[in-house]
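First comes the structure, then the notes that go with it.
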Amino acid sequence: MDVFEFLCRMGDNTLVLGSRISEWCGHGPALEEEIALANTALDLIGQTQMWLGLAAEVECRGRTADDLAMLRDVWDFRNLLLVEQPKGDFGQTMMRQYLFDQFHLPYLEALVTSSDSRIAGVAAKAAKEAAYHLERSRMTVIALGDGTKESNNRMQAALDLLWPYAGEMFASDDVDRSLAKAGIAPDPKDLRAQYLEAVGWTMEEATLTIPEGQFCHAGGRTGARHSEHLGHLLSTMQWLQRAYPGATW
Amino acid sequence: MRPSDADIWAWLDQVPDPEIPVISVVDLGIVRDFTWEGDTLQVAVTPTYSGCPATTLIALDIETALRDRGLEDVRIQTRIAPPWTTDWLSEKGRTSLEAYGIAAPQPSGGPDRCPLCKSDEVERISQFGSTPCKAQWRCQSCLEPFDYFKCL
Numbered sequence: 015m016d017v018f019e020f021l022c023r024m025g026d027n028t029l030v031l032g033s034r035i036s037e038w039c040g041h042g043p044a045l046e047e048e049i050a051l052a053n054t055a056l057d058l059i060g061q062t063q064m065w066l067g068l069a070a071e072v073e074c075r076g077r078t079a080d081d082l083a084m085l086r087d088v089w090d091f092r093n094l095l096l097v098e099q100p101k102g103d104f105g106q107t108m109m110r111q112y113l114f115d116q117f118h119l120p121y122l123e124a125l126v127t128s129s130d131s132r133i134a135g136v137a138a139k140a141a142k143e144a145a146y147h148l149e150r151s152r153m154t155v156i157a158l159g160d161g162t163k164e165s166n167n168r169m170q171a172a173l174d175l176l177w178p179y180a181g182e183m184f185a186s187d188d189v190d191r192s193l194a195k196a197g198i199a200p201d202p203k204d205l206r207a208q209y210l211e212a213v214g215w216t217m218e219e220a221t222l223t224i225p226e227g228q229f230c231h232a233g234g235r236t237g238a239r240h241s242e243h244l245g246h247l248l249s250t251m252q253w254l255q256r257a258y259p260g261a262t263w
Numbered sequence: 019m020r021p022s023d024a025d026i027w028a029w030l031d032q033v034p035d036p037e038i039p040v041i042s043v044v045d046l047g048i049v050r051d052f053t054w055e056g057d058t059l060q061v062a063v064t065p066t067y068s069g070c071p072a073t074t075l076i077a078l079d080i081e082t083a084l085r086d087r088g089l090e091d092v093r094i095q096t097r098i099a100p101p102w103t104t105d106w107l108s109e110k111g112r113t114s115l116e117a118y119g120i121a122a123p124q125p126s127g128g129p130d131r132c133p134l135c136k137s138d139e140v141e142r143i144s145q146f147g148s149t150p151c152k153a154q155w156r157c158q159s160c161l162e163p164f165d166y167f168k169c170l
């Protein structure tokens, strides 16, 4: 079930990050920022429906995208640790977004040539939206990094906190290798050099310093060890379906 | 007796976009085609943005409009590939958008002029706007903010 595992990784990333950034609804620092975050969340939740819908289809166990989103527990989630980290201040949210977007867009673009036409179709749709997400998160990181002393300090603190989570995106395993061999998905480790270069340029423009050291937190995309934050997020997101099974409106 | 294809297109062209009612779902380019399967009319709809909340409503509006014309058996098929692009907006749709105060998408990535006073002195406020398909811009001549239909 390598393809199912892969689709859960895609869909869980967008679901968890989409849910995380909706936490800013009604709390954005400016109206434009509020709207932009809500729009990004909406795109990501829409992409989740496509990825998890496809996951449910290939699984052939009669589950739906909603079942996968609302009725799995922490250990079944396959999202990166980065996207489940708490929102922090606005700068931390935008740094988390940028570090993800800078990976997401090239990965989706590579998936457009997937040997599985269903995956290629979803990726082509999602890539168009991700291009807007990256453009905005990159500009915001630069504006805040190269802003006032206060905003620069906060962005540097956000980068120091979140950088050790970036490495997990490129920690390939047997699932990635088998999909790469079948031409279904790229091996993420092949996208690492390009990522480091792009982030390097952005941080230079933002007058921020990438921390030294190779340590990276891992365990999210394999499901082996999520951080404690994911359980809290799921308890809020899944509460209604847990308390009132099958509720619809 | 089955209605003609031209009639069906004309009926679909009367279904407004729920968020931007001056353009129809046909102008928007999201109704790709329709086919008959027995007595069932299957209409292929391509969503604009994957999370656009209007998508469900649009499907319902199309079904209702066709039922009102006597087509009992209508099925909406969501088709995501090829992905929707603003190149599919009709000329009529682009003209209606501008008359409504929304600048039409341009390949350059920004509006060519203010939809209100037609000045080309415009600046971007945000890449995102009140619906997923729009961005916020401002005219530096008449000082009015306006929506720009994003290129996708």
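Chain order of the listed sequences is A and B.
The working numbering puts the first residue of the first sequence at 15, with every later residue one more than the last.
The working numbering puts the first residue of the second sequence at 19, with every later residue one more than the last.
Glycine included, C-beta positions come from ideal geometry on N, C-alpha and C.
Being a predicted model, the structure only gives us computed values, none of them experimental.
Would you kindly check if the distance between the Cβ of residue j and the Cβ of residue i is under 9 Å?
| i | j | result |
| --- | --- | --- |
| A:GLN111 | A:THR54 | yes |
| A:ALA69 | A:LEU21 | yes |
| A:PHE184 | A:LEU158 | no |
| A:GLN99 | A:ARG23 | no |
| A:ALA145 | A:LEU119 | yes |
| B:PHE164 | B:ILE98 | no |
| B:SER114 | B:ASP31 | no |
| A:VAL209 | A:GLN116 | Here residue 209 of chain A turns out to be Tyr, not Val, going by the sequence shown. Yes, they are a contact pair. |
| A:TRP89 | A:GLY25 | no |
| A:MET284 | A:LEU176 | There is no way to answer for residue 284 of chain A, as the model of chain A reaches only from 15 to 263. |
| B:GLY128 | B:ARG142 | yes |
| B:VAL140 | B:ILE80 | no |
| B:LEU170 | A:GLU143 | yes |
| B:PRO36 | B:ILE76 | yes |
| A:PHE11 | A:LEU248 | One cannot answer for residue 11 of chain A here, as it falls past the ends of chain A, which runs 15 to 263. |
| B:THR104 | B:THR64 | no |
| B:THR149 | B:ILE26 | no |
| A:ALA172 | A:GLY102 | yes |
| A:ASP130 | A:VAL213 | no |
| A:CYS230 | A:GLU164 | no |
How many angstroms separate the CA atom of residue i from the CA atom of residue j?
| i | j | result |
| --- | --- | --- |
| A:ILE198 | B:THR74 | 30 Å |
| A:GLY233 | A:SER128 | 26 Å |
| A:TRP38 | A:LEU51 | 7 Å |
| A:ARG86 | A:GLN106 | 28 Å |
| B:LEU134 | B:CYS160 | 8 Å |
| B:THR53 | B:ARG85 | 16 Å |
| A:ILE133 | B:TRP102 | 16 Å |
| B:SER144 | B:TYR166 | 10 Å |
| A:GLY42 | A:GLN170 | 21 Å |
| A:ARG168 | A:THR162 | 10 Å |
| B:ALA171 | B:TRP29 | Residue coverage of chain B in this structure runs from 19 to 170, which leaves residue 171 of chain B outside it and unanswerable. |
| B:LEU89 | B:VAL49 | 17 Å |
| A:LEU207 | A:ASP201 | With the sequence shown as reference, residue 207 of chain A is identified as Ala, and Leu is not the correct amino acid for it. If you take the alpha carbons of A:ALA207 and A:ASP201, they lie about 12 Å apart. |
| A:THR250 | A:GLY260 | 17 Å |
| A:ASP160 | A:HIS147 | 20 Å |
| B:LEU78 | B:VAL61 | 12 Å |
Within 8 Å: the Cβ of residue i and any heavy atom of the ligand FAD?
| i | result |
| --- | --- |
| A:SER249 | This structure lacks the ligand FAD, and indeed carries no ligand of any kind. |
What in chain B is Cβ-close to residue i, meaning under 7 Å?
| i | result |
| --- | --- |
| A:VAL136 | ILE98 |
| A:TYR146 | GLN145 |
| A:ALA140 | SER68 |
For a contact defined as C-beta to C-beta under 7 Å, what are the partners of residue i on chain A?
| i | result |
| --- | --- |
| B:ILE143 | GLU46 |
| B:PRO101 | ALA138, LYS139, LYS142 |
| B:LEU170 | LYS142 |
By the criterion of Cβ-Cβ separation under 9 Å, what are the contact partners of residue i in chain B?
| i | result |
| --- | --- |
| A:ARG150 | SER144, GLN145, PHE146 |
In chain A, what lies closer than 9 Å to residue i by C-beta?
| i | result |
| --- | --- |
| B:GLY69 | GLY32, ASN53, ALA55, LEU56, ASP57, LEU58, ILE59, GLY60, GLN61, THR62, GLN63, GLU143 |
Runs of alpha helix (DSSP H) wholly within the stretch 136–200 of chain A (minimum 4 residues, chain order): 163–180, 188–195
According to a CB-to-CB cut-off of less than 7 Å, which residues of the stretch 113–127 of chain B neighbour chain A? none
Please identify, using Cβ separations under 7 Å, the residues of the stretch 153–164 of chain A that lie next to chain B, in order along the chain. none
Using a Cβ-Cβ cut-off of less than 7 Å, list which residues of the stretch 27–51 of chain A approach chain B; keep chain order. GLU46, ILE49, ALA50
Restricting to runs no shorter than 4 residues, where is the alpha helix (DSSP H) found entirely within the stretch 42–124 of chain B? 72–86, 109–118
Near-chain B residues of the stretch 83–111 of chain A (beta-carbon distance less than 7 Å), N- to C-terminal order: none
According to a CB-to-CB cut-off of less than 9 Å, which residues of the stretch 52–67 of chain A neighbour chain B? ALA52, ASN53, THR54, ALA55, LEU56, ASP57, LEU58, ILE59, GLY60, GLN61, THR62, GLN63, MET64
Below 7 Å between beta carbons is the criterion; list the residues of the stretch 149–162 of chain B that meet it against any residue of chain A, in chain order. PRO150, GLN154
Of all the alpha helix (DSSP H) runs that stay within the bounds of the stretch 35–79 of chain A, which reach a length of 4 or more residues? 45–73
Inside the stretch 103–139 of chain A only - alpha helix (DSSP H) runs reaching at least 4 residues: 104–125
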